[in-house]
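Have a look at the structure below, then the notes.
Residue numbers (UniProt numbering): 1 to 483.
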């Protein structure tokens, strides 16, 4: 591809060489550079790509795009200076792959909780309508039925545009996508064109990265600046702010949803019947296999979004009843000859933990036992709140390790315990032992919820990443009770 075509939409200053060049590929990792590539110097949190410019040149890079002045040893190399390297990378990536989002109907979902469940519901409903759907998310990426490993919730812009192109090439009409606050702040989705943006909710999370709640909000709001239509949960404390801010943007279609406030899509007559949640919206009755009020919210956002897209009510109803979300209120107890239930859930924020525990409390015939911890090297303020919420709702909380990373696991546990005023808890550092204790203590009619890991099959410690799958842990503990 000609460099001048690759640079369409990029504001740059030519510092050295010529733009009359052919480019083979774009890279931001100097180790992946091949002859004729362009190397984009990104300033990371731990590594500065500018320090690897000459290494990239030695590997064959003919063009260096940078955010600050650099000295290159090869004077034949083209050097381009830009103000925002990540935006430039996103723009060039879209140019390189011929703007695949213009050929897809892209639906983005942002918020603290509910993103994963929402995109799985969207995919299920759209497929019931006969559409081929791509999915970008925390658990995995999909092109139709083909599963692709996910390294992060939203890939870097170069990999993301490649994924979009693959979806287009394989016949996808739609792509449903979790859009994380990190990806919005770091411009990974810069240049993407969204048909619909969905706002689920906003609670405390990722402040280790964003520093302030205002920064967190502003990052999330970027999705709606890039969406033709916005779907907003107006029961959330920040929902009305999103609504008012979206209304300031010209010519944007807006749909609201709620359970309590008045809205375009308000759920009424919510009831639990035979394990399903039943509710009515605008005179139409719906059932969902996903339990809990918070999953009614997820369904509402989805119904509002697909209504904008013209999807049939029949497809919506079928999709709500035929969806499985790994690690989200995932029942595993039925596999064993036991008289209690076991649930695995990804809940790792105070609001997420509150939602899952309150939902399960309504199902529990005897005691609710919660096993959970809190991640290390992340926002520490929520630890005490997790302790308080768990012990206020569950009958017994077993406080343990999550992903301690570089922190001392017992230090994290003590910070969780600092928020507890009751005596209905135990603390066990080893997560496997904590699960074993909870299962050994479980009695008839109890529900044991393992919260925080969900779909994850690893644990991050100061020794690195180790394999840890709670399904396997449970299976090992209950090996002699398999059905």
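Virtual Cβ for every residue (Gly too), placed ideally from N, Cα, C. On a predicted model such as this, the values are computed, not experimentally measured, just so you know.
Count the other CB atoms within 10 Å of the CB of residue i; is the residue buried (16 or more) or exposed (fewer)?
i, result
"residue 187", "buried"
"residue 235", "buried"
"residue 327", "buried"
"residue 171", "exposed"
"residue 124", "buried"
"residue 167", "buried"
"residue 249", "exposed"
"residue 152", "exposed"
"residue 286", "buried"
"residue 407", "buried"
"residue 62", "buried"
"residue 418", "exposed"
"residue 195", "buried"
"residue 466", "exposed"
"residue 364", "buried"
"residue 9", "exposed"
"residue 423", "exposed"
Tell me the rounded alpha-carbon separation between residue i and residue j.
i, j, result
"residue 113", "residue 200", "7 angstroms"
"residue 16", "residue 74", "10 angstroms"
"residue 279", "residue 430", "41 angstroms"
"residue 263", "residue 255", "8 angstroms"
"residue 333", "residue 463", "31 angstroms"
"residue 210", "residue 185", "Unreliable placement is indicated for residue 210, whose pLDDT of 48 sits below 50; the coordinate value is still reported in the next sentence. C-alpha separation (whole angstroms): 9 angstroms."
"residue 81", "residue 459", "40 angstroms"
"residue 13", "residue 109", "35 angstroms"
"residue 159", "residue 141", "12 angstroms"
"residue 437", "residue 447", "14 angstroms"
"residue 400", "residue 154", "29 angstroms"
"residue 2", "residue 38", "11 angstroms"
"residue 96", "residue 192", "14 angstroms"
"residue 206", "residue 378", "Here the model assigns residue 206 a pLDDT of 48, short of 50, so the residue's position is not dependable, and the following value carries that caveat. Using only the alpha carbons, I get a separation of about 7 angstroms."
"residue 470", "residue 6", "46 angstroms"
"residue 476", "residue 433", "12 angstroms"
"residue 367", "residue 386", "19 angstroms"
"residue 457", "residue 283", "42 angstroms"
"residue 48", "residue 28", "11 angstroms"
"residue 474", "residue 148", "26 angstroms"
"residue 392", "residue 100", "49 angstroms"
"residue 24", "residue 33", "10 angstroms"
"residue 77", "residue 323", "52 angstroms"
"residue 375", "residue 420", "18 angstroms"
"residue 26", "residue 56", "12 angstroms"
"residue 302", "residue 58", "50 angstroms"
"residue 50", "residue 273", "59 angstroms"
"residue 472", "residue 443", "21 angstroms"
"residue 132", "residue 69", "46 angstroms"
"residue 241", "residue 31", "44 angstroms"
Would you check if the distance between the CB atom of residue i and the CB atom of residue j is smaller than 9 angstroms?
i, j, result
"residue 384", "residue 308", "no"
"residue 227", "residue 190", "no"
"residue 454", "residue 358", "no"
"residue 67", "residue 44", "no"
"residue 339", "residue 445", "yes"
"residue 371", "residue 316", "no"
"residue 130", "residue 119", "no"
"residue 22", "residue 60", "no"
"residue 281", "residue 271", "no"
"residue 72", "residue 53", "yes"
"residue 291", "residue 276", "yes"
"residue 223", "residue 257", "no"
"residue 105", "residue 178", "no"
"residue 304", "residue 198", "yes"
"residue 450", "residue 306", "no"
"residue 143", "residue 150", "no"
As a quick exercise: from the options, pick the residue whose alpha carbon is nearest that of residue i.
i, options, result
"residue 390", "407, 377, 452 and 247", "452"
"residue 237", "249, 64, 217 and 74", "217"
"residue 165", "55, 179, 476 and 93", "93"
"residue 425", "443, 397 and 152", "397"
"residue 298", "146, 320 and 126", "320"
"residue 479", "465, 439, 466 and 443", "439"
"residue 412", "180, 428 and 55", "428"
"residue 261", "247, 289, 288 and 232", "232"
"residue 481", "335, 353, 150 and 468", "335"
Could you give the C-beta distance for residue i and residue j, rounded to a whole number, given that I count them as a contact under 8 angstroms?
i, j, result
"residue 415", "residue 361", "Not really, about 25 angstroms apart at Cβ, beyond 8 angstroms."
"residue 483", "residue 337", "6 angstroms"
"residue 41", "residue 19", "Actually they are not in contact, since the Cβ atoms of residue 41 and residue 19 sit about 17 angstroms apart, beyond 8 angstroms."
"residue 117", "residue 295", "7 angstroms"
"residue 402", "residue 373", "4 angstroms"
"residue 441", "residue 369", "7 angstroms"
"residue 461", "residue 349", "Not really, about 21 angstroms apart at Cβ, beyond 8 angstroms."
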